[in-house]
Structures are given as C-alpha cells and as structure tokens.
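Chains as they are written, first to last, in this note's numbering: chain A, 706 to 940; chain B, 175 to 375. The structure appears below as structure tokens.
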C-alpha cells in the first residue's frame, strides 16, 4: 500500500524552536546546527503499531488505576478530544500516553522533591487508544501547579503531558495540555516558547457538554498530527 | 479567528520534561506500570545478528544527560519494517521499536538489545531511526545510527551522502566485541564541535 504515502512537513511555524533562551535548559540541549533535510522513505512512513490491545479501560481512568485504599484527592475531570491529521482525517486506533502531577502539584517521579504531598491513591500515568473516529477519553483529577528552578519564583501552569504515535514515525508528538484561564500561562517559558499564533492549540476548552452532572468537569483537547499516509488497517 | 484550534494546524510539540519516566518508561525505572516498550527488542527466537546499542546523550558542555529518552525504530534483519506500509511486513515477529531513558544506568547510557537491521527495500544502508526527547528540548529531534562495518553500503547511502562529509561520522556507530557480544557505541551530541546530525524530516 503506497498510495498517498506522503507526509506533510513538520510545521516549524507551529512548533517551538530548539533554543528558547527564557527556558534555560534549552541553551545547552537544543541542537544548534541547521537540520539536514531527509526525504521520507520506508523507515519514516512506517512506525510502531500500538492498537487496542495496548491499553484497557482502567488505564484511561487515573482516578482508579492508582488506588490503594480510597479515592484520589482533587477536582475530578474528564479530558476528551479527537485526534485528526492535518488533512482533517481522524486518526483511529492510535495509542495516547499521559502523565501528570497530582492535585497538589506533586509527581510520583522519584526526582520530584517538591514539598507537596504525594497522594497514595494517585499514580498519574494513563493510556488509551483512539476509537474509530479518533476520539479518546480520560478520567483524572486536575493537576496542581508546581514550582521549578528555571528562574526566581517560577511556577509551571497546570498541565497534562501527552505522548502520541499517530500512523508513522513522522507523526510522533509529545506535547502538554494546559487549562483555560490559567494566569501562569503568560509567565511560563515553556508555553511561551511556542509561536504565539499556535499557543491556543495547547489550551483545552471547558465543556459543559462533556461535564457529567454530580461527577466531573469536562475539558476538550483536540490534537492535530502531521498529515500522513493512509492509516494502517487493524491487524 | 476566535478559536485558534479551529484553524487545524499542527498541535505544537512541548518538552517531555524531567518526569516522563513513570508514564513512558515505567518498568525500566521501577514504577508499577507495564511498559509498552523497553530496551530489549529481541525475544528468544528472534532471527538476525544480536547486537547491543549503547551510548550517552551529551550536552553543550560535554556532560552526559541523565533525563533524556531515546526511541528507536528499525527494520528486522532482512530489512523489513513491521508495519502495513512495508508490504512484505516483518516475517520474523520482530516489532522494531524500543524506548529507553538515560536515568537508570550509572553512566547515563541508553542500552538497546536488538538485531542488526538489513538493507531496506529502498536501498538504504542498514540503519536505525532515532528520536531524542529530553527536558530542555521543546521539539523532539530525529537522527539515525549507521554501522561502521557497513563501509560499502554507507558509501552509496543517499541520506549519508546528503550530509556534509565532515559531519557523517556523527551518525556512524563503532563496533566493539564485548564480554557479552557485539556492541555498537553511539553517543549523541546535542551541541558542540561533534554535534550529531539531526534531520528535518
């Protein structure tokens, strides 16, 4: 199957640059020489295939997948959205991995030494696979803001990390979802490293339609991947 | 346009940050979640020459980076990718995807136990496709690993030939025979005089 096996280019007007001086650790880590153009070949239009067997229902419910002796603390939320490619086609059957801080702004990660409590009933990692229409859905708690060492009194806005494969090696995306109305967004060098016209794509919309009465607030975060070759058939 | 999301442009990349391990590489780091992929790509019956890929990710001051994550994507020993767009598919059951963080090895190496890939159908020299993620990298970086014992194939590889001659060596791994077998060493330099070639692909 090689028809339509093209991939739209990475849009460098939408993605952050490698070196963004306000985000200090980019200075020594971002490549400094020009990128070498590489025409997409077989190794690029293919990529790892993770279908519905790679996540179960519990994996998508972060309010349940880390429970030891009770419910996790915090504001319960639903995060859902559609994954499409740049050509407007849904991206079905693709794995999404997320990770986030707990409601107090603390990660389970051993390196996180922020003086905020861990929640014994919250792990913070989850997965799901998009359905036939490219739709995903997670239940979790709203992550807290937390301080970091970039500059004096630096705080990360509330965010959830997203990792997606899409249909090929070239559609790979790691990003962060932010929450509407967060005053920390205008102060965050990671968010602000994104070209201004594209920043809004990283901010979820509150949705009363997704909100479930007496249960959880709803947010919609749609994701657009590079337009790629025809989506692989399920095997 | 009031709603920028309706423009449909690519969702911007953001850094993987320092705390990816329990979400993306949980088993390697000892978190109670099954990993979707790790550093071992081979199983007992996997056909092909067993190799280990090892290397470090080096910052602009020459220091190894302890919170990078490397993903590899490769063909099997016959040069087949396990994906529907490779119409031959992998007939060896080899999946070809690995993921490893640099925070568990005392020397901050990434370590992959895999097989040496074959020449692919589009005539490219044996190579492994690599994606680099880390805190301080806002958009992931693509590079490739070639093999120093594939001199002839490397000479005619169209991608290597598109790279300035004085930078090609940054893409070529060195073969060594270690106590447990064949090891290819491949350091990734983010910056500096030996900055690895990264691709716009």
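Quick reminder that beta carbons are idealized off the backbone N, C-alpha and C, glycines included. None of these values were measured; they are calculated from a predicted model.
Contact annotation: in the segment 220–238 of chain B, residues whose CB is within less than 7 Å of a CB in chain A are 233, 234 and 235.
Nearest in C-alpha terms to residue 790/A, of all of 749/A, 813/A, 838/A and 833/A, is 838/A.
Residue 895/A is positioned such that its CB atom lies no closer than 7 Å to that of residue 755/A. Look at residue 202/B: its C-beta is not under 7 Å from any C-beta on chain A. When the beta-carbon positions are compared, residue 799/A and residue 255/B stay at least 7 Å from each other. Taking all protein chains in view, the Cβ of residue 792/A is surrounded by fewer than 16 other Cβ atoms within 10 Å, so the residue is classified as exposed. In the DSSP assignment, residue 325/B falls within the unbroken alpha helix (DSSP H) covering 325–330.
Look at residue 787/A: its C-beta is not under 7 Å from any C-beta on chain B. About 7 Å separates the beta carbons of residue 796/A and residue 872/A, which is inside the 8 Å limit, making them a contact pair. Residues of chain A whose Cβ lies closer than 8 Å to the Cβ of residue 329/B do not exist, since the nearest Cβ in that chain is about 18 Å away. With respect to residue 322/B, residue 230/B sits apart: the two C-beta atoms are not nearer than 7 Å. Taking the Cβ atoms as the reference, residue 785/A lies roughly 15 Å from residue 908/A, outside the contact range of under 8 Å. Per DSSP, residue 896/A lies in no beta strand (DSSP E); the unbroken alpha helix (DSSP H) holding it starts and ends at 894–897.
Those residues of the segment 293–315 of chain B placed with their C-beta closer than 8 Å to a C-beta in chain A are 294, 295, 296, 298, 301, 303, 305, 307, 308, 309, 310, 311, 312, 313, 314 and 315, ordered along the chain. Looking from the CA of residue 720/A, the closest CA among 825/A, 906/A and 771/A belongs to 906/A. A direct Cα-Cα distance of roughly 13 Å separates residue 335/B from residue 373/B.
Residue 929/A places its beta carbon less than 7 Å from that of residue 185/B.
As summarised for the segment 269–320 of chain B, the continuous beta strand (DSSP E) elements at least 3 residues long and confined to that stretch are 271–275, 283–289 and 301–308, given in chain order. Here residue 341/B has 371 as same chain residues with Cβ atoms under 6 Å from its own Cβ, once five neighbours each way along the sequence are excluded. Listed as beta-bridge partners of residue 912/A by DSSP are 923/A. Residue burial annotation: residue 332/B is exposed, with fewer than 16 other C-beta atoms found within 10 angstroms of its C-beta.
Contact fails between the segment 838–852 of chain A and the segment 219–236 of chain B, because fewer than three Cβ pairs, one in each stretch, are under 8 Å apart.
Within the segment 249–268 of chain B, those residues whose Cβ lies closer than 8 Å to any Cβ of chain A are, in chain order, 249, 255, 256, 257, 258, 259, 260 and 261. By the neighbour-count criterion, in which a residue is buried when 16 or more other Cβ atoms sit within 10 angstroms of its Cβ, residue 345/B is buried.
Distances from the alpha-carbon of residue 262/B to those of 294/B, 286/B and 274/B put 294/B closest. Ranked by how close their Cα comes to the Cα of residue 243/B, the residues 734/A, 772/A, 711/A and 860/A have 734/A in first place.
Along the segment 359–372 of chain B, going in chain order, the ones with a CB nearer than 7 Å to a CB of chain A are 364, 365, 369, 371 and 372. A distance below 8 Å between beta-carbons, with the five flanking residues on each side excluded, links residue 193/B to no residue of its chain. Three or more beta-carbon pairs drawn from the segment 758–776 of chain A and the segment 842–856 of chain A are found closer than 8 Å, and the two stretches are therefore classed as touching. Assignment of alpha helix (DSSP H) within the segment 735–782 of chain A, counting only whole runs of 4 or more residues, yields 747–750 in chain order.
Close CB contacts of residue 201/B within its chain, under the 7 Å cut and outside five residues either way in sequence, are with 208, 209 and 212 (chain order). Secondary-structure assignment with DSSP links residue 869/A through a beta bridge to 801/A and 878/A. Straight-line spacing of the CA atoms in residue 747/A and residue 888/A works out to 45 Å.
Residue state for residue 189/B is assigned as coil, using DSSP reduced to three classes. Residue 303/B is not a Cβ neighbour of residue 924/A, given a cutoff of 7 Å.
With its beta carbon at least 7 Å from every one in chain A, residue 289/B lies outside the interface.
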